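>
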Amino acid sequence: MADIILPISNGALALDEAGEGPPIILLHGFSFSRAMWAPQIEALVAGHRVVRYDLRGFGQSTRPRAPYAHADDLAVLIAALDLSAPLLVGLSLGANIALEFAVRHPGVARGLVLASPGLADHIWSGERPVEVAARIARERGLEAAKTYWMGHPIYASLRRAGADGLLRDMVDRYDAWHWCNPDPRETLPGISALLSGMRTPTLVLSGGTDAADYRAIADRLVRDLPAAALDRFEDAGHLLNLECPERFNATLLAFDASVRKD
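Under my numbering, the first residue of the sequence shown is numbered 458, with each subsequent residue one higher.
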């Protein structure tokens with residue numbers, strides 16, 4: 458894949474792209490990088506132009522220096538690369554960004570694949586894992602925080618499958634900036650109230666052994682989004698693309714084919 462550094466407001470995004478055809482943009486999860494999509498690339502580039510990038514603050518992209526919004530960064534990327542009607546594929550934090558972008562920019566994306574999504578205004582049943590990790594980092598140091606993060610139950614099925622090597626590598630490389638600094642990230646307030654007006658075709662993917670809050674969010678999105686469907690990976694956890702890459706890829710491609718057919 459061809460490496461690119463894309464200037465953005467107060468920083469730069471690191472990305473790569475390969476293939477030709479209808480564009481697909483891959484958005485990674487928290488503490489990860491664009492490397493998490495390695496199991497998808499070969500299957501997707503066969504018929505698509507595939508772009509994956511490190512979100513601001515992660516991987517090789519610059520750390521935040523001023524207020525920013527991930528959805529704004531995505532809009533800049535789409536315009537700069539002239540990506541017409543992209544399919545947005547996000548996991549966890551990446552899914553949140555894809556959803557916010559589609560709400561703020563209706564009609565730009567041809568479809569959304571939201572894997573293990575969160576929701577910015579969801580009220581969690583307990584302390585969010587990222588908040589626990591940040592507290593541990595402050596009180597006991599980064600190694601303790603990363604040990605907690607890697608041992609979290611949402612990754613248990615990935616560990617049992619012996620498919621956690623890439624996860625460990627990404628977390629090892631994560632500099633934990635977000636656990637140690639105030640993040641000036643801005644999100645769309647009250648996004649839940651706007652879901653009923655979002656008409657972009659959406660496929661929500663959810664792991665049957667993921668945390669209860671993530672499963673509840675997936676169910677809520679399918680209920681509140683007018684053009685959404687749910688596919689539950691019953692025996693999988695949070696990182697569906699790493700744990701079940703063949704099924705994930707086939708499901709994504711089938712959804713994209715249906716969207717382009719319509």
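For glycine and all other residues, C-beta sits at the position ideal for the given N, C-alpha and C.
Predicted model only: the values in this text are computed from it and were never measured.
On a Cα-Cα basis, can you pick out the residue from Pro563, Met458, Ala537, Leu624 that is closest to phenylalanine 487?
Minimum Cα distance to phenylalanine 487 is reached at Leu624.
> Tell me whether the beta-carbon of alanine 675 lies closer than 7 Å to the beta-carbon of valine 661.
Closer than 7 Å, so yes.
> As a quick exercise: from Arg506, Pro479, Tyr510, Val502, pick the residue whose alpha carbon is nearest that of isoleucine 461.
Among Arg506, Pro479, Tyr510, Val502, the Cα nearest to that of isoleucine 461 is on Tyr510.
> Alpha carbon to alpha carbon, how far is leucine 615 from glycine 694?
Cα to Cα, the separation comes out at about 7 Å.
> Bridge partners for valine 546 per DSSP, in chain order?
Leu483, Val570, per the DSSP bridge assignment.
> Where do the ends of the alpha helix (DSSP H) carrying glycine 622 lie?
Run containing glycine 622: 622 to 630, per the alpha helix (DSSP H) assignment.
> Quick one: what's got a C-beta closer than 8 Å to leucine 652's C-beta in the same chain, skipping five residues either side?
Cβ neighbours of leucine 652 beyond the five flanking positions: Val560, Leu678, Asp681, Leu682.
> According to DSSP, is phenylalanine 690 part of a helix, a strand, or is it coil?
The answer is strand: DSSP assigns phenylalanine 690 an E or B state.
> Where are the alpha helix (DSSP H) runs, 4 residues long or more, that stay fully inside the stretch 640 to 688, in chain order?
Runs found: 669 to 681.
> Is it buried or exposed for arginine 597, if we count other Cβ within 10 angstroms and need 16 for buried?
Arginine 597 is exposed by the Cβ-count criterion.
> Starting from the Cα of arginine 592, find the closest Cα among Pro610, Ile481, Trp634, Thr708 and give me that residue.
It is Trp634.
> So, using beta-carbon positions, are tyrosine 525 and arginine 506 closer together than 7 Å?
Contact: no.
> How is the alpha helix (DSSP H) around valine 533 delimited, first residue to last?
Looking at the DSSP string, the run of the alpha helix (DSSP H) that includes valine 533 is 527 to 537.
> Less than 7 Å between the C-beta atoms of lysine 603 and valine 570, yes or no?
Cβ atoms of lysine 603 and valine 570: not closer than 7 Å.
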